[in-house]
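Following: one structure in structure tokens, then a few remarks.
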Amino acid sequence: KNEVEQSPQNLTAQEGEFITINCSYSVGISALHWLQQHPGGGIVSLFMLSSGKKKHGRLIATINIQEKHSSLHITASHPRDSAVYICAVRKETSGSRLTFGEGTQLTVNP
Amino acid sequence: DAGITQSPRHKVTETGTPVTLRCHQTENHRYMYWYRQDPGHGLRLIHYSYGVKDTDKGEVSDGYSVSRSKTEDFLLTLESATSSQTSVYFCAISDGHYTEAFFGQGTRLTVV
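Just so you know, the sequences run in chain order Z and L. Using my numbering, the first residue of the first sequence is number -19, and each one after it goes up by one. Using my numbering, the first residue of the second sequence is number 10, and each one after it goes up by one.
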């Protein structure tokens, strides 16, 4: 079983919908990252969080350390949000290294 | 955007040939990483560096070696490329345990 699990693996939405992507992990962590990868493109860091909630524009990330769970929300989704969203954790025992989920492919249709 | 550049961006090579990928940063970050990305596996760590001449293995290091002779450059070498090393390779940098990671644009390597 992977230490970092994302759900769903694939998600299709209509423009304007509220989207939630989930990440569960089974290890102690010092931080959790949400990353975005567009087709054929590089990987961009969206959030790094260790507690609570962060917001940037239409994106909101939350984390519950006790439940070992994080969510990434996208409000008023747009076709340009179509990308792979990747959850990664920095384990307490791994220093600066990251352990990644397999990603969630999001497609937002106009 | 963080200053991190990978070269080449695309490469096709033959089985058995040596290949070197370069990661160059202008951020003076201490940590540098090489990952490979394959369908069904997500990103997996090949090797990483925590300073000049200080490197360590990741979870999929067999068949790969690295070198870091300067803060800004981290080289990944496939001594004798195999078809199983066909992948997209990403370099990343970070400045510490509690800081963001920044990724390069990736190198698509095909071994034929």
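Even glycine gets a Cβ: it sits at the ideal position worked out from N, Cα and C.
7 angstroms Cβ cut-off: residues of chain L touching Z/Ala11: Mapped onto the first sequence, residue 11 of chain Z falls at position 31. By Cβ distance, chain L contributes Tyr107.
Are the beta-carbon atoms of L/Ser96 and L/Arg18 separated by less than 8 angstroms? Position 87 of the second sequence, counting from 1, holds the residue named residue 96 of chain L. Position 9 of the second sequence, counting from 1, holds the residue named residue 18 of chain L. No, the pair does not count as a contact, with Cβ atoms beyond the cut-off.
Taking the beta strand (DSSP E) that Z/Val64 falls in, what are its first and last residues? Residue mapping note: residue 64 of chain Z aligns to position 84 of the first sequence, counting from 1. Unbroken beta strand (DSSP E) run through Z/Val64: Ala63 to Lys71.
Would you grab the beta carbon distance between Z/His58 and Z/Thr0 for me? Rounded to a whole angstrom, and I think it's under 8 angstroms. The sequence position of residue 58 of chain Z within the first sequence is 78, counting from 1. The sequence position of residue 0 of chain Z within the first sequence is 20, counting from 1. Going by Cβ atoms, the distance from Z/His58 to Z/Thr0 rounds to 16 angstroms, so no, they are not a contact pair.
How is the beta strand (DSSP E) around L/Gly51 delimited, first residue to last? Indexing the second sequence from 1 puts residue 51 of chain L at position 42. Its beta strand (DSSP E) spans residues Gly51 to Gly60.
Separation of Z/Ala41 from Z/Lys35, as counted between CA atoms: By one-based count along the first sequence, residue 35 of chain Z stands at place 55. By one-based count along the first sequence, residue 41 of chain Z stands at place 61. Answer to the nearest angstrom: the Cα atoms are 6 angstroms apart.
Uninterrupted beta strand (DSSP E) stretches inside the region 20 to 67 of chain Z (no shorter than 3 residues): 23 to 29, 32 to 36, 39 to 44 and 49 to 54
Taking DSSP as the reference, what is the three-state secondary structure of L/Ser93? To locate residue 93 of chain L, count along the second sequence from 1; it is residue 84. Helix, per DSSP.
At which residues does the beta strand (DSSP E) containing Z/His13 begin and terminate? Sequence index remark: in the first sequence, residue 13 of chain Z carries index 33 (1-based). Segment Ile9 to Gln17, the beta strand (DSSP E) holding Z/His13.
Report the three-state DSSP secondary structure of L/His106 (helix, strand or coil). Position 97 of the second sequence, counting from 1, holds the residue named residue 106 of chain L. Three-state result, L/His106: coil.
Which residue wins for smallest C-alpha separation from L/Ser76, given the options L/Tyr42, L/Ser93 and L/Gln114? As a position in the second sequence, residue 76 of chain L is number 67, starting the count at 1. For L/Ser76, the nearest C-alpha among the options comes from L/Tyr42.
Does DSSP put L/Arg77 in a helix, in a strand, or in coil? Within the second sequence, numbered from 1, the residue matching residue 77 of chain L stands at position 68. Residue state, collapsed to three classes: strand.
Let me check one thing: in DSSP terms, what residues is L/Arg117 bridge-paired to? Start at 1 with the first residue of the second sequence, and residue 117 of chain L comes out as number 108. DSSP output for L/Arg117 lists L/His19 and L/Val97 as bridge partner(s).
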